[in-house]
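First the structure, in the form of structure tokens, and then the observations on it.
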Amino acid sequence: MANSIPLSKPSSNLQTKTPNESSLLRWICLAPAVIYDSLLFLLPLIFLIWIGFWTVDNYRLVPGFSLSNYIDIFQQFFSKSRYAYAILQSLWVSSTATFLTVLFCYPFAMAIAFVVPVRLQRLAILLAIAPFWSSYILRLYAWQTLLNKEGLINSFLQTLHLINQPIEIVFTQIGTRIGLIHYLAPIMILILYLALQNVDRSLLSAAQNLGATRWQVFWRVLLPLTRPGIVYAAVFGMIISLGDVLSGIILGGGTGKSIFGSLPLFASMILNEYAASTNLPRTSALATILIVIMVLILFAGTKFSQSNQ
Amino acid sequence: MRFTSRRKFLHYASMTSLGLAAAKLGGCASQNTTSQTSDASPSPSSGGTIRVLSWPGYEEKDVVGKFEQDTGIKVEFKNYVGGEQMLQLVSQSPPGTYDSIVADAEYLPKLLALNIIEPLKKEDFPEFSNYVTAYQDMPLFYDKGNMMAIATRYGFYGMAVNTDEIKPEEAADWNLLLSPDLKGKVSMFDWYLPNMGDFSLAVFPNRENPYDLTDAELQKVKEWMLKLKPNVSLISQNFQDVTNSFLTGGVIAAPIGDWLIQNLVADGHDNFTAVIPKQGAIRWSEGATIMTTSKNKDQAMQWIKYMTTPEPQARLANVKASKCQVPNLKAIDLMNDDEKKLLGYTPDAKSTGKTIAEVKTAMTVPRRLPVKQSDKVWQDIYNEFKTS
Chain A
1 MANSIPLSKP
11 SSNLQTKTPN
21 ESSLLRWICL
31 APAVIYDSLL
41 FLLPLIFLIW
51 IGFWTVDNYR
61 LVPGFSLSNY
71 IDIFQQFFSK
81 SRYAYAILQS
91 LWVSSTATFL
101 TVLFCYPFAM
111 AIAFVVPVRL
121 QRLAILLAIA
131 PFWSSYILRL
141 YAWQTLLNKE
151 GLINSFLQTL
161 HLINQPIEIV
171 FTQIGTRIGL
181 IHYLAPIMIL
191 ILYLALQNVD
201 RSLLSAAQNL
211 GATRWQVFWR
221 VLLPLTRPGI
231 VYAAVFGMII
241 SLGDVLSGII
251 LGGGTGKSIF
261 GSLPLFASMI
271 LNEYAASTNL
281 PRTSALATIL
291 IVIMVLILFA
301 GTKFSQSNQ
Chain B
1001 MRFTSRRKFL
1011 HYASMTSLGL
1021 AAAKLGGCAS
1031 QNTTSQTSDA
1041 SPSPSSGGTI
1051 RVLSWPGYEE
1061 KDVVGKFEQD
1071 TGIKVEFKNY
1081 VGGEQMLQLV
1091 SQSPPGTYDS
1101 IVADAEYLPK
1111 LLALNIIEPL
1121 KKEDFPEFSN
1131 YVTAYQDMPL
1141 FYDKGNMMAI
1151 ATRYGFYGMA
1161 VNTDEIKPEE
1171 AADWNLLLSP
1181 DLKGKVSMFD
1191 WYLPNMGDFS
1201 LAVFPNRENP
1211 YDLTDAELQK
1221 VKEWMLKLKP
1231 NVSLISQNFQ
1241 DVTNSFLTGG
1251 VIAAPIGDWL
1261 IQNLVADGHD
1271 NFTAVIPKQG
1281 AIRWSEGATI
1291 MTTSKNKDQA
1301 MQWIKYMTTP
1311 EPQARLANVK
1321 ASKCQVPNLK
1331 AIDLMNDDEK
1341 KLLGYTPDAK
1351 STGKTIAEVK
1361 TAMTVPRRLP
1371 VKQSDKVWQD
1381 IYNEFKTS
């Protein structure tokens, strides 16, 4: 009788469920990740958002629920502090840095996945992520030494008579992008390598057997198959770039020049506002706005990677 | 077999933990013994720990080391950059967290309003008579006749320049910063208060209080700042970034004055100097206070007295964080010739009988807080300048 129930009334859930999926062990295995994320990510995030509704009275935090920080910030979006300009600068610098990093890292990851012998691929990946072993801030100062007006690159170009005047890179958003690209490249290479590794090689061979040129195989088969990986790499790149302050200050000069003018990045602005006023609720509200932008990018990226899949 | 290994592992792990715990306890015990020995020695103090909130510099070993060695009192420092940060740290810490604050003079009224500092007695400081006159009777350190802080150091926010590119006499005018030749060649320390004070003097020269502006006058200062912006390539709160900008960023002028640029000169870069422009410049001043909620007032007072004496004053003037002037004139005798030259304790060529430092002190006015507008109004203008 008990056996006859699922046969007479089939349930799609019961049909697809394996014993492991319904076991308690599955939830126990998930627990560390849930606890870790809750304690170290979710709770601090909720606290940050919550503080954004507090106020400051006589330099003391006043818990409560007030929209005054947001009202003041949005009133200054296009005047006074002009946060919108800083957000625009951040989006421009982050998107271009991310685009360039993907452009640079995709062939690099392809070379590791398809050209480097399998036994050496782990070593190649290890070398690609080697910059992570050194301090980010030290790397930025090293770039500053290389890129400044009297630095190695300008001196070299001048010695070769390729330029008459030193190129201005440091304290511009080009400098910021160089710092960001160096920071993002190892992450991107790793994500793109994994995406390329998961591509079914027989599909590439099939395309070639059907007469596709190498370029057509790349453009019409490989690239579409790795699109989710590219999108995820780009989303990671954007989010990390939007939150980074060091490159924008050390190489970008805090108010570096771009096509939009000499504007600070939004993340630098948040840091400087905190340092100048130490108004934690207001800074939390600004940080929440940045997080909302990041979530929107993540959402758009996820949608884009899933479309036409 | 696996079970046995696990048991063995647990056994060894437990033994190791016990061993480590025992070693740690032993360490504590030996530390206590050292402490007792120290207490038993004929030290003028019973030891203990005090916590001081200050700008960077006071914590350097050359400055505080001798005090800790002689008295057995350990001084823990919490550093801040900018008066707002200091106020926030004080306000959000439980009472008694800090025993002393070394505060910027202009922020003392705010500390008084919070009722957290108590008056000092001049007679407790034998070195007070050796202080430069300007810092014996500095009004910002007094409240209703009571001395609320004693000066520890001060410095100037004049114009720092690369002399290979700009002659010092050219730098004697703040309007140089607006020159089209300086496009992308100016850096700034990121704090609205000193910068806007200097810029106020650029527009309204030699005012006694450049922070006392009408709304219309403040608007003119803002317009001057907006003209300056295209020339600015770096705005940073990091001292190192600002000084590095002169070495690597092609920066040749900055309204940062002596206190930052002297680090480069001390490192052998003789092509940098700082000038007080003819319109005047801002002078910063720090003073040590005792907190009403301190549970270690005697020890804190001992440290403040120590900081007013010549030797630590001489070392404080030359800390790695930033160079400065010190109010105790006896400290100058303890500096070597290079230090005296660096800090301007050498005769001024144009003013007979005066040192360069004395002339600069006379040409500068103390940094204050905005008078007719709120701090936030000034900060908003500064933010607008940064995003312009």
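For the protein sequence lines, the chains are A and B, in the order given.
Using my numbering, the first residue of the first sequence is number 1, and each one after it goes up by one.
Using my numbering, the first residue of the second sequence is number 1001, and each one after it goes up by one.
In this text, a Cβ means the ideal position worked out from N, Cα and C, and glycines have one as well.
query: With a threshold of 16 other CB atoms inside 10 Å of the CB of B/Q1240, please say whether the residue is buried or exposed.; result: exposed
query: Using a C-beta to C-beta distance shorter than 9 Å, which residues of chain B count as neighbours of A/F260?; result: Result: empty, since nearest Cβ-Cβ is about 11 Å, beyond 9 Å.
query: Quick one: measure Cβ to Cβ for B/L1343 and B/K1360, integer angstroms, because I've assumed they're closer than 8 Å.; result: Contact doesn't hold; Cβ gap of about 10 Å is too wide.
query: Between which two residues does the alpha helix (DSSP H) containing B/V1102 stretch?; result: No alpha helix (DSSP H) contains B/V1102, which is instead part of the beta strand (DSSP E) from S1100 to D1104.
query: In or out: B/R1283 buried (at least 16 other Cβ within 10 Å) or exposed?; result: buried
query: Exposed or buried, what is A/K257 when buried is set at 16 or more other beta-carbons lying within 10 Å of its beta-carbon?; result: buried
query: Pick from B/D1348, B/I1290 and B/A1362: whose alpha carbon is nearest that of B/G1096?; result: B/I1290
query: Of all the CB atoms in chain A, is at least one closer than 8 Å to the CB of B/E1106?; result: no
query: With 16 as the cutoff for other CB atoms within 10 Å, does A/E273 come out buried or exposed?; result: buried
query: Work out the CA separation of B/S1374 and B/Y1192 for me, nearest whole Å.; result: 13 Å
query: In the DSSP assignment, the alpha helix (DSSP H) including B/D1333 goes from what residue to what residue?; result: K1330 to D1333
query: So, is the C-beta of A/Q144 closer than 8 Å to a C-beta in chain B?; result: yes
query: By a C-beta neighbour count over all protein chains shown, 10 Å radius and 16 as the cutoff for buried, is A/F78 buried or exposed?; result: exposed
query: How far does the alpha helix (DSSP H) with A/T159 in it reach, from first residue to last?; result: L152 to T159
query: With C-beta atoms as the reference, is A/Y193 less than 8 Å away from A/A113?; result: yes
query: Quick check on DSSP: helix, strand or coil for A/V235?; result: helix
query: Looking at the secondary structure, which residues open and close the alpha helix (DSSP H) in which B/S1236 lies?; result: Element bounds for B/S1236: not the alpha helix (DSSP H) but the beta strand (DSSP E), V1232 to S1236.
query: Based on the DSSP output, what are the partners of B/D1143 in its beta bridges?; result: B/N1146
query: For the candidate residues B/F1385, B/K1066 and B/P1370, whose alpha-carbon lies nearest to that of B/L1228?; result: B/F1385
query: Please determine, among A/A234, A/N198, A/L24 and A/I270, the residue with the shortest C-alpha to C-alpha distance to A/A285.; result: A/I270
query: Taking 8 Å as the CB-CB cut-off, is A/N154 touching chain B?; result: no
query: Within its chain, find whatever has a CB closer than 6 Å to the CB of B/D1062; leave out the 5 residues flanking it on each side and keep chain order.; result: R1315
query: Kindly list, in the order they appear in chain B, the residues whose Cβ is closer than 7 Å to that of A/T278.; result: E1084, Q1085 and Q1088
query: For A/K80, which residues of its own chain have a beta-carbon under 8 Å away from its beta-carbon, when the five flanking residues on both sides are left out?; result: none
query: In the DSSP assignment, find the beta strand (DSSP E) that holds B/E1076 and state where it starts and stops.; result: I1073 to N1079
query: Would a check of beta-carbon distances place B/P1277 closer than 8 Å to chain A?; result: no
query: Please report the straight-line C-alpha distance between B/G1082 and A/A275, rounded to a whole angstrom.; result: 8 Å
query: Do you know how far the Cα of A/I35 is from the Cα of A/Q173?; result: 39 Å
query: DSSP three-state call for A/I291: helix, strand or coil?; result: helix
query: By Cβ distance, which residues of its chain are closer than 6 Å to B/A1274, with the 5 residues on each side in sequence left out?; result: G1158, A1160, G1257, D1258 and I1261
query: How about A/G265 and A/Q144: do their beta carbons lie closer than 8 Å?; result: Contrary to the premise, residue 265 of chain A reads as Leu rather than Gly in this sequence. No, these two residues do not count as a Cβ contact at 8 Å.
query: In the structure shown, what three-state DSSP assignment does B/V1161 receive?; result: strand
query: In or out: A/I137 buried (at least 16 other Cβ within 10 Å) or exposed?; result: exposed
query: Do A/L242 and B/Q1092 have their C-beta atoms closer together than 8 Å?; result: no
query: Going by other Cβ atoms of all chains shown within 10 Å of its Cβ, with 16 needed for buried, is B/Q1379 buried or exposed?; result: buried
query: Which first and last residues belong to the beta strand (DSSP E) in which B/W1284 is found?; result: A1281 to M1291
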